[in-house]
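These notes concern the structure reproduced below.
Number of protein chains: 2
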Amino acid sequence: MAKGKKINSAILIIGDEILSGRTQDLNVSFLANWLNKNCGITVGEVRVIPDKEKIIVENILQLSKSFSYVFTTGGIGPTHDDITAKSISKAFKVKYRFHEEAYEILKNYYGKKNFNDGRKKMAKMPSGSKLIYNPSSAAPGFMIKNVISLPGVPSILKGMIENSKKFLVKGKITQSKSINLLTVESNISVELANIQKKFKKQVSIGSYPFFRLGKIGVSIVLRSVKLKSIDLCLKEIFKIVKKKNINIFN
Amino acid sequence: MAKGKKINSAILIIGDEILSGRTQDLNVSFLANWLNKNCGITVGEVRVIPDKEKIIVENILQLSKSFSYVFTTGGIGPTHDDITAKSISKAFKVKYRFHEEAYEILKNYYGKKNFNDGRKKMAKMPSGSKLIYNPSSAAPGFMIKNVISLPGVPSILKGMIENSKKFLVKGKITQSKSINLLTVESNISVELANIQKKFKKQVSIGSYPFFRLGKIGVSIVLRSVKLKSIDLCLKEIFKIVKKKNINIFN
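Protein chains in written order, with our numbering: chain A, 634 to 883; chain B, 634 to 883.
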């Protein structure tokens, strides 16, 4: 991948607990913001799938072909339902085996006496993986080909993500500006569509209704890799705001 | 679909704002819980995709073939980035046109004078759609074939979901029980794997580390359509708890 090009990614959330509604995912929003700000990597798709080997294998193969990177979350712990590393090995047809350095890290962390089979399992990963070090609870994540596997617990993931940075090719950061208007979407939808048409290639305009502090309004979000284009687009929006006498909500 | 069979679904979240990390999705967890409790419908996959027609079409075709139902959220408002209805029409090769009843509902709600083009757009949907009535802000959702389209704003979605119930074939409700143990996963992983093997066909056992009120522990979640199987499985887990002298956290 050449530096500065458009680099995209998919997030693959592996976990029955998200699909059942028991657990609220918090990693997508964090990862999407972190990847854009720190690496200029956009997230093009997110999937949540169950802890089933066949399904993990299919999704790893599909997404790793379609995106520059795939970030998986979940399923790299010590229990029977943690099958991410094994499934990725299968997807890429490489051996699922002890990573020597990971084994040493975990043995030192737990102590030789307490280094039981469950803990040893966390050192097993696809052969040829690079380690993503884990400053909070030792068990490392890993990168194999363009797939980066991180844990599902948000606090641990947040502590580790910085250590994946060195492996990632950087793209252009998407800039964004937003403006909150005290109006309803249907009052500006025609004008907004015209502005989007005009800036079709440069700026992506999103329109999101909000209800805050008893106020009904619309957040207009402008996104582009070029700040200048955003500012030009914003000018056009201010013209409508003025013309329609719409108040701004800060 | 025969009543009482395994009925599953996919949730398709359509929205750049979720992918960019700007907005935290709250609908997956709500929908998954609601669908299971009220209709016995499981969620087998979730996807988040951008506001792009081609991508929406592809995903609607794929997911509507693979699952009993597809629930879409987002993209049914009045602005240019609301292209869900148009894209689903394209996917199913049916006309995208005014739904007469939806048109009347919206005209009455806004009043003939204020019924502008943006508002009229919300009455356009795939030809042959059934309406999902919206008690809070008039603009209805719709169902076409096995796809149910709901809005992205969580409060509005929550108000509407009940009105989709009459269109859904009901399945068996997945029951669940959980137990919180004051131990670490690796202390019980081998035993847990053995129990999962024993109950392979009846119960799905999930193991999730937690950090609450200064306590480190593991939530063991047992899920099955048969409460009796869950209770039998729970008994086995209590045997380990007793044997290993593990405290329970309530």
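Here a beta-carbon is modelled for each residue, glycine too, at the ideal position from N, C-alpha and C.
Not flagged as an interface residue toward chain B: I881 (chain A), since no C-beta distance is shorter than 8 Å. In this structure, B:K757 is the residue among B:I693, B:E691, B:K757, B:N883 with its C-alpha nearest to the C-alpha of E733 (chain B).
The CB of P842 (chain A) comes closer than 8 Å to the CB of G710, V786 in chain B, given here in chain order.
Under the three-state reduction of DSSP, F663 (chain B) is assigned to helix. Any Cβ of chain B closer than 8 Å to the Cβ of Q695 (chain A) would place that residue at the interface, and such an atom is absent.
Taking a Cβ-Cβ threshold of 9 Å, the residues of chain B close to S822 (chain A) are G710, P711, T712, H713, D715, N749, D750, G751, R752, K754, in chain order. Contacts with chain A at 8 Å (Cβ-Cβ) do not include G792 (chain B).
P768 (chain A) is not a Cβ neighbour of V786 (chain B), given a cutoff of 8 Å.
Look at N666 (chain B): its C-beta is under 8 Å from a C-beta on chain A. Approximately 6 Å separates the beta-carbon atoms of K848 (chain A) and L815 (chain A); this is inside 8 Å, confirming the contact. A residue is called buried once 16 or more other Cβ atoms fall within 10 Å of its Cβ, and R752 (chain B) is buried on that count.
Chain order gives no chain B residues near A718 (chain A), where near means a beta carbon separation below 9 Å; the closest approach is about 14 Å.
Here M776 (chain B) carries a strand assignment [DSSP, helix/strand/coil]. Nearest CB-CB separation between V703 (chain B) and chain A: not below the 8 Å threshold. Chain B places no beta carbon closer than 8 Å to that of E686 (chain A), leaving this residue out of the contacts. C-alpha of G710 (chain B) to C-alpha of V854 (chain B): approximately 38 Å in a straight line. Interface residue (Cβ-Cβ distance to chain B less than 8 Å): Q829 (chain A) is classified as such. The C-beta separation of I738 (chain B) from P784 (chain B) comes to about 15 Å, leaving the pair out of contact by the 8 Å criterion. Among the bridge pairs identified by DSSP, T675 (chain B) is matched with B:N641. In the DSSP assignment, S720 (chain A) falls within the alpha helix (DSSP H) that extends over 717 to 724. By the rule that beta-carbons nearer than 8 Å mark a contact, V676 (chain B) touches chain A.
Look at I682 (chain B): its C-beta is under 8 Å from a C-beta on chain A.
Listed by position along chain B, the residues whose Cβ is nearer than 8 Å to that of E650 (chain A) are G839, Y841, V854.
In its chain, beyond the 5 residues on either side, I644, I646, V676, V679 have a beta carbon closer than 8 Å to the beta carbon of V661 (chain B). Boundaries of the alpha helix (DSSP H) harbouring S822 (chain A): 822 to 831, taken from the DSSP string. S819 (chain B): not part of any beta strand (DSSP E); DSSP gives it neither H nor E.
Proximity to R655 (chain B) across A:E650, A:K670, A:I651 peaks at A:K670, based on C-alpha coordinates. Relative to the Cα of S642 (chain A), the nearest Cα in the group A:S699, A:K754, A:I821, A:Q657 belongs to A:S699.
Look at A724 (chain A): its C-beta is not under 8 Å from any C-beta on chain B. The beta carbon of Q808 (chain B) sits no closer than 8 Å to any beta carbon of chain A. For L783 (chain A), there are no neighbours in chain B by C-beta distance under 7 Å, as the nearest C-beta there is about 15 Å away. Judged by their CB atoms, E650 (chain A) and G673 (chain B) are not nearer to each other than the 8 Å cut-off. Secondary structure at Q808 (chain A): strand, using DSSP grouped into helix, strand and coil.
For the set B:K754, B:G708, B:V690, B:K745, the Cα lying nearest the Cα of K726 (chain B) is the one of B:V690. The C-alpha of Q657 (chain B) is placed about 20 Å away from the C-alpha of N883 (chain A).
Going by C-alpha positions, K876 (chain B) is about 52 Å away from I640 (chain A).
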